[in-house]
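See the structure below:
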């Protein structure tokens with residue numbers, strides 16, 4: 003018996019969806035001309051406030067370029083634009099946004115030596131007041147975490163051995179380093195505002211050695227002063243990797259993250275880029291002065307962990323990890339993961355991780371020496387990152403795992419390593435979506451049950467007479483309410499009489515999630 007179709011992603015294709023408004027009032031899609039084989043546009047998702055598209059607009063001189071930021075509301079109506087002058091060859095690395103401000107850190111990617119490698123840009127939403135500050139940070143460091151308000155920013159930069167955290171008051175122009183006490187090698191996990199307070203909570207992973215670490219929550223003022231700290235409970239058998247936090251109510255928070263068993267850490271392991279993971283951990287924080295117990299959940303014993311494999315492969319894996327012996331917690335799948343922000347619903351929280359591995363191709367060639375004797379010559383090429391599946395877990399508010407499920411990503415291979423799946427969750431269901439080869443691929447689950455099998459929806463052009471030759475660099479993000487945002491680049495050909503070929507276009511599509519039961 004075929005399952006009923008409960009959920010579907012629908013493109014807003016005509017004015018019949020919004021019978022009161024015309025296409026000009028509430029468009030479902032916008033397109034911008036893009037140069038061939040170039041990808042100049044970036045997107046900042048503002049939720050219900052809309053979206054910002056930004057790009058390098060004009061080269062002003064050998065040393066400076068102008069970047070344009072264009073703000074559209076949730077109906078793709080242009081509200082304002084503003085230009086920001088930066089050094090040449092700057093590339094955006096990280097951004098932050100809320101209802102009041104948009105902030106970004108750019109990094110110099112040119113070949114010549116320059117004094118200002120990193121630049122911070124902050125734009126106030128209500129009046130486009132701009133702040134541009136060059137950051138005196140070493141060129142080999144990479145920004146990791148960014149938080150901003152109207153007059154200051156907090157951010158971190160890391161290398162393989164350590165991460166430094168800074169507070170910058172715009173009126174001072176120079177960042178101030180925040181030193182966490184009794185920390186050897188620190189990695190900032192998150193910065194989040196504390197409900198009902200002007201203070202912030204900073205999660206820091208303190209690596210004491212290659213096989214011992216702890217996670218400490220630091221409560222800091224907006225000026226960067228440490229008010230208090232709270233250490234999360236640990237376990238002698240595990241090494242923490244990365245974690246996220248979410249506010250449950252005015253007092254309590256929940257930390258969710260990934261861990262690896264110490265006896266499963268490969269030789270040479272220690273850099274964040276090579277993290278391998280055994281499972282997910284949770285800690286409830288009922289108040290900022292105490293924590294509940296640490297819970298560990300080994301992926302090997304997730305009920306749906308191997309669902310993305312074929313039936314034969316699933317049976318092999320089940321035998322390999324001995325699922326009939328759940329007391330043995332010494333097994334580790336050693337997954338490489340991209341962890342998502344936590345999603346909160348009325349009664350649970352959802353934690354999603356995407357598993358991947360680097361894929362290589364070996365070419366075997368035969369060469370000949372001076373005497374004509376053959377000898378093999380093998381070369382190995384990096385093909386990209388192969389995504390295997392998205393692991394989706396549901397937890398109750400105490401941090402206990404109540405269900406798990408899986409979303410197959412086997413078809414996806416990319417040189418760009420970043421989260422691909424976007425998700426929307428209500429009190430009953432989780433809809434997951436990603437973009438691939440001109441389609442939006444969706445699947446919906448309710449706990450252990452699949453309520454909508456994998457479906458594909460074509461990303462259509464604005465004009466019905468157009469057709470899509472190819473789609474590149476496409477992404478789908480959860481936007482707000484039951485809407486998703488799809489964007490990327492398409493090569494478009496027009497077949498209508500007298501129509502002009504527009505070739506390459508950058509597009510943004512508004513999509514709606516509907517229950518069609």
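Residue numbers (the working numbering): 3 to 519. Virtual Cβ for every residue (Gly too), placed ideally from N, Cα, C. If you're wondering where the values come from, they're calculated on a predicted model, not measured in any experiment.
On the premise that residue j lies in contact with residue i, defined as a C-beta separation below 8 Å, what is that separation, rounded to the nearest angstrom?
i: residue 46; j: residue 104; result: 6 Å
i: residue 336; j: residue 278; result: 4 Å
i: residue 106; j: residue 123; result: 5 Å
i: residue 74; j: residue 491; result: The pair is not a contact, with the Cβ atoms about 18 Å apart (cut-off 8 Å).
i: residue 397; j: residue 295; result: Contact doesn't hold; Cβ gap of about 14 Å is too wide.
i: residue 423; j: residue 392; result: 5 Å
i: residue 155; j: residue 506; result: Not quite, the Cβ-Cβ distance comes to about 35 Å (not below 8 Å), so this is no contact.
i: residue 356; j: residue 288; result: Contact flag wrong, Cβ pair sits at about 30 Å.
i: residue 298; j: residue 209; result: Their Cβ separation, rounded to whole angstroms, is 19 Å, which puts residue 298 and residue 209 out of contact at 8 Å.
i: residue 390; j: residue 419; result: That belief does not hold up - the Cβ atoms of residue 390 and residue 419 are roughly 13 Å apart, past 8 Å.
i: residue 484; j: residue 426; result: 7 Å
i: residue 125; j: residue 84; result: 7 Å
i: residue 488; j: residue 437; result: 6 Å
Tell me the residue span of the beta strand (DSSP E) that contains residue i.
i: residue 208; result: 202-211
i: residue 177; result: Run containing residue 177: none; DSSP gives neither H nor E here.
i: residue 133; result: 132-137
i: residue 244; result: 240-249
i: residue 224; result: First-last for residue 224: undefined, no H or E at that position.
i: residue 288; result: Looking at the DSSP string, residue 288 is not in any beta strand (DSSP E), and its letter there is neither H nor E.
i: residue 58; result: 53-61
i: residue 46; result: 44-47
i: residue 493; result: 485-496
i: residue 464; result: Residue 464 -> no beta strand (DSSP E), and no H or E assigned at all.
i: residue 157; result: 154-160
i: residue 146; result: 144-150
i: residue 262; result: 255-263
i: residue 194; result: 187-195
i: residue 166; result: 165-171
i: residue 33; result: 31-35
Considering Cα atoms alone, identify which of the options is closest to residue i.
i: residue 128; options: 143, 109, 291 and 101; result: 101
i: residue 266; options: 280, 254, 256 and 260; result: 280
i: residue 138; options: 261, 120 and 462; result: 120
i: residue 58; options: 476, 361 and 72; result: 72
i: residue 82; options: 478, 52 and 250; result: 52
i: residue 448; options: 350, 182 and 358; result: 350
i: residue 131; options: 153, 174 and 365; result: 153
i: residue 480; options: 44, 48, 31 and 39; result: 48
i: residue 182; options: 220, 286 and 253; result: 220
i: residue 186; options: 439, 165, 467 and 171; result: 165
i: residue 95; options: 450, 44 and 50; result: 44
i: residue 198; options: 373, 136, 293 and 252; result: 252
i: residue 30; options: 78, 64 and 50; result: 78
i: residue 359; options: 382, 388 and 368; result: 388
i: residue 257; options: 32, 333 and 204; result: 204
i: residue 571; options: 234, 171 and 112; result: There is simply no residue 571 to check, as the chain begins at 3 and stops at 519 in what is shown.
i: residue 386; options: 415, 372, 365 and 364; result: 415
i: residue 291; options: 191, 450 and 231; result: 231
i: residue 142; options: 110, 135 and 170; result: 110
i: residue 1; options: 407, 494, 93 and 516; result: Nothing about residue 1 can be read from this structure; the chain reaches only from 3 to 519.
i: residue 117; options: 108, 136 and 38; result: 136
Would you say residue i touches the ligand MN, meaning its beta carbon is less than 7 Å from a heavy atom?
i: residue 409; result: The ligand content of the structure shown is nil, which means the ligand MN is not present either.
**Three-pair Cβ contact test at 8 Å for the stretch 371-384 versus the stretch 290-305** = no
**Request:** Could you pull out every unbroken alpha helix (DSSP H) segment of at least 4 residues lying fully inside the stretch 377-457, listed in chain order?
**Result:** none
**Request:** Jot down the residue ranges of each uninterrupted alpha helix (DSSP H) in the stretch 291-366, minimum 4 residues, whole runs only, in chain order.
**Result:** 313-323
**Item:** Validate contact between the stretch 221-241 and the stretch 173-192 using beta carbons, cut 8 Å, 3 pairs
**Value:** yes
**Item:** Segment contact flag, the stretch 446-455 with the stretch 464-482, C-beta cutoff 8 Å, min 3 pairs
**Value:** no
**Asked** When the Cβ atoms of the stretch 427-435 are set against those of the stretch 397-405, are three or more pairs found closer than 8 Å?
**Response** no
**Item:** 3-residue-minimum beta strand (DSSP E) runs that sit fully inside the stretch 72-127, ordered along the chain
**Value:** 80-89, 92-99, 103-110 and 120-126
**Message:** If contact is defined by three or more beta carbon pairs under 8 Å, each pair taking one atom from either stretch, is the stretch 142-152 in contact with the stretch 208-220?
**Reply:** no
**Message:** Quick test of the definition: if touching needs 3 or more C-beta pairs under 8 Å, does the stretch 236-249 touch the stretch 341-350?
**Reply:** yes
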